[in-house]
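Let me begin by presenting the structure, written as structure tokens, before commenting on it.
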Amino acid sequence: MLKFTSEHEWLKIENGIATVGITNHAAEQLGDLVFVELPAAGKSFAKGADAATVESVKAASEVYCPLDGEIVEANEAIVADPSLVNSDPQGAGWFFKLKLANPADADSLLDEAAYKELIA
Amino acid sequence: MDDQTTLLKTPLHGLHVSLGAKMVPFAGYDMPVQYPMGVLKEHLHTRQAAGLFDVSHMGQVTIHPRSGNVRDAALALEALVPVDVAGLGTGRQRYALFTNQAGGIDDDLMITNRGDHLFLVVNAACKEADFAHLEKHLGETCIVTPIRDRALLALQGPLSEKALSTLSPDVAGMRFMDVISTTLVGAECIVSRSGYSGEDGYEISVPEDRAEALAKALLAVEGVEPIGLGARDSLRLESGLCLYGNDLDPTTTPVEGALEWAIQKVRRKGGEREGGFPGAARILAELEQGATRRRVGLKPEGKAPVRSHAKLFADAEGATELGEVTSGTFGPTVEGPVAMGYLPKSHAAPGTTVYAEVRGKYLPVTVSTLPFITQTYKR
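Here the protein sequences line up with chains U and W, keeping their order. Residues in the first sequence are numbered from 0 upward in steps of one, following numbering that gives the first Met the number 0. Residues in the second sequence are numbered from 0 upward in steps of one, following numbering that gives the first Met the number 0.
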């Protein structure tokens, strides 16, 4: 199940675990990333909390936790090479895997059509 | 948004939009922060080839001596800046500072001796105040004329000489800080061999109705790309150059700002024209004894950029606050974060480790000499 937030994150949800990243649109808007800071596995976040930080030459931006949950894995590859987020934001440039506290909450997120309408 | 309707446009605004620039408000102008290439690649391109910048938002002003003798204008201007203006040769340019009574800096600027008059370039955000300041103090002896019908372009990077020479052979023989008049695309231009990127290059004052033709002619040269304000900022910061309003302001003195080099001997204690500028007592004393704090280069040890207003501490626990970062970014050429800030004398020596507060953490930062890159001015 692929879901989106109005904060320009995508979630690919399988068995209650969401792989989370930022959308193509967000990556384009941010420009070339030079620094990524990810949360440690085991950390829990409420929906809307600052979970990660990305920085371009120009500015720092927060990436919000899209739903309540616990981090089970962070993508160290994008820490080592932030440009992966620009080259493949909805694939190899994923940020973290989140074990959802309430998987049913995902129903409230946007589907792909609704997200595309949002950024149109 | 009122902001949108009241923003000023430079003569190159239409060109920026047609090139796909992302426009942002800056100092009251709608300015290109980046083009489709993006800040990172624009920065690298400038250092490797040549970048064209629109800096038309900056203020241009001429000062003509009523006596007809440019030395009278220079001496009059020396009452406002701690700089040797009278000793500036014809066709030469020099960095200067408007100081205030407290010894602080009200703006930084470039002064050119144009033979029969002086030509100044000042910061966009300060220009109306600067024009008024000049008129108030120099109006009696000089004719102060803000130039509102000329654009200002900067061409920066190692290919600049080759690129600009295609329009006028006169520019090739210029050295750093030389200024000449020359015809480019049929327009009478004022060209200086200077800029604010740390690279060799030129700044070109051009009549506004020919600005777009000049920009297009330069962009047509292989290796010249349009560069936005985003890369202009990271380029100047890697080069250790101050952004007025961030690194310098009315509360920082030239000595605190590590700008002693801008104050020539002739204006210092014992010099032929010692003092005689606003705040001279404090500034002359600081030149002898040093200031209690100093602008320094800061090199974060990790990969995280440390940005302006990050607080600096003596310890990794954030107990003893020392000062603040005034500019900070990721330096694309340095391939790591770079910053500048103010530290007390006790912590300002290169090699000292201090700690910057970033998102609740205290990141080690090393005091470093400036610039972070090797400047390539054509001396």
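Glycine included, each C-beta is placed from N, C-alpha and C at the ideal position.
Using DSSP with H/G/I as helix, E/B as strand and the rest coil, what is Glu-36/U? strand
Kindly indicate the opening and closing residues of the beta strand (DSSP E) around Gly-58/W. 58-64
For chain W, check one thing: does any of its Cβ atoms lie closer than 9 angstroms to the Cβ of His-7/U? no
Closest Cα partner of Ile-372/W within the set Asp-53/W, Glu-334/W, Glu-211/W: A check of alpha carbon separations from Ile-372/W across Asp-53/W, Glu-334/W, Glu-211/W identifies Glu-334/W as the nearest.
Extent of the continuous alpha helix (DSSP H) to which Gly-13/W belongs: 12-17
Using the three-state DSSP reduction, which class does Leu-247/W fall into: helix, strand or coil? strand
Beta-carbon within less than 8 angstroms of Gln-28/U's beta-carbon, same chain only, minus the 5 sequence neighbours each way: which residues are those? Within the same chain, Gln-28/U has close Cβ partners His-7.
Buried or exposed for Ala-73/U, please, with buried defined as at least 16 other CB atoms from any protein chain shown within 10 angstroms of its CB. buried
Which full runs of the beta strand (DSSP E) of 3+ residues lie inside the region 170-246 of chain W, going along the chain? 178-183, 186-191, 200-206, 223-225
Checking contacts by CB at 9 angstroms: is Ser-233/W closer than that to chain U? yes
Please confirm if Arg-358/W has its CB atom under 9 angstroms from at least one CB of chain U. yes
Which residue or residues does DSSP assign as beta-bridge partners of Ala-59/U? Glu-54/U
Checking the sheet assignment: what are the DSSP bridge partners for Gly-296/W? Partner residues in the beta bridge of Gly-296/W, as assigned by DSSP, are Met-339/W, Ser-367/W.
What residue from Val-38/W, Pro-249/W, Leu-76/W, Met-22/W has the CA that sits closest to Gly-50/W's CA? For Gly-50/W, the nearest C-alpha among the options comes from Val-38/W.
Whole-angstrom C-beta distance between Leu-11/W and Ser-55/W, which should lie under 8 angstroms: 6 angstroms
Name the residues in the region 76-92 of chain W whose C-beta lies less than 9 angstroms from a C-beta of chain U; which are they? none
Does DSSP put Ser-5/U in a helix, in a strand, or in coil? coil
Beta-carbon contacts of Gly-200/W that lie in its chain and below 8 angstroms, excluding the five residues immediately before and after: Closer than 8 angstroms at the Cβ level, and outside the excluded window around Gly-200/W, lie Ala-49, Ala-153, Leu-154, Gln-155, Gly-156, Ser-159, Arg-192, Ser-193, Gly-194.
Taking beta-carbon pairs under 7 angstroms, can you tell me which members of the region 56-69 of chain U lie near chain W? Val-56, Lys-57, Ala-59
Lys-126/W, DSSP secondary structure in three states: helix
Do you know whose CA, among Thr-4/U, Pro-102/U, Asp-106/U, Ala-76/U, lies nearest Gly-47/U's CA? Thr-4/U
Alpha carbon of Leu-108/U to alpha carbon of Ala-290/W, nearest angstrom: 57 angstroms
May I ask which residues mark the beginning and end of the alpha helix (DSSP H) holding Asn-85/U? 82-86
Below 7 angstroms on C-beta distance, what does Phe-34/U contact in chain W? Lys-302, Ala-303, Pro-304, Phe-329
Output needed in chain order: residues of the region 7-31 of chain U with a Cβ under 7 angstroms from some Cβ in chain W. Gly-30, Asp-31
State the Cα-Cα distance for the pair Leu-258/W and Met-0/U, rounded to the nearest angstrom. Near 59 angstroms, if we compare the C-alpha coordinates of Met-0/U and Leu-258/W.
Assign Ser-307/W to one of three DSSP states: helix, strand, or coil. Per DSSP, reduced to three states, the secondary structure at Ser-307/W is coil, with no helix or strand assignment.
Determine, for Lys-310/W, whether the minimum Cβ-Cβ distance to residues of chain U falls below 9 angstroms. Chain U places no beta carbon closer than 9 angstroms to that of Lys-310/W, leaving this residue out of the contacts.
Given Ser-180/W as reference, the closest of Met-30/W, Ala-214/W, Thr-111/W, Leu-286/W once Cα atoms are compared: Thr-111/W
Inter-stretch contact (C-beta, 8 angstroms, three-pair minimum) for the region 320-331 of chain W and the region 228-244 of chain W: yes
Output needed in chain order: residues of the region 35-47 of chain W with a Cβ under 8 angstroms from some Cβ in chain U. Within the region 35-47 of chain W, the qualifying residues are Gly-37, Val-38, Leu-39, Lys-40, His-42.
Would a check of beta-carbon distances place Gly-229/W closer than 9 angstroms to chain U? yes
State yes or no: is the beta carbon of Val-364/W nearer than 9 angstroms to at least one beta carbon in chain U? no
Among all the DSSP beta bridges, which residues are the ones paired with Cys-64/U? BP columns for Cys-64/U are empty, so no partner.
Cβ contact check for the region 356-367 of chain W and the region 206-225 of chain W: 3 or more pairs under 8 angstroms: no
Does the count of Cβ pairs from the region 245-255 of chain W and the region 58-65 of chain W closer than 8 angstroms reach three? no
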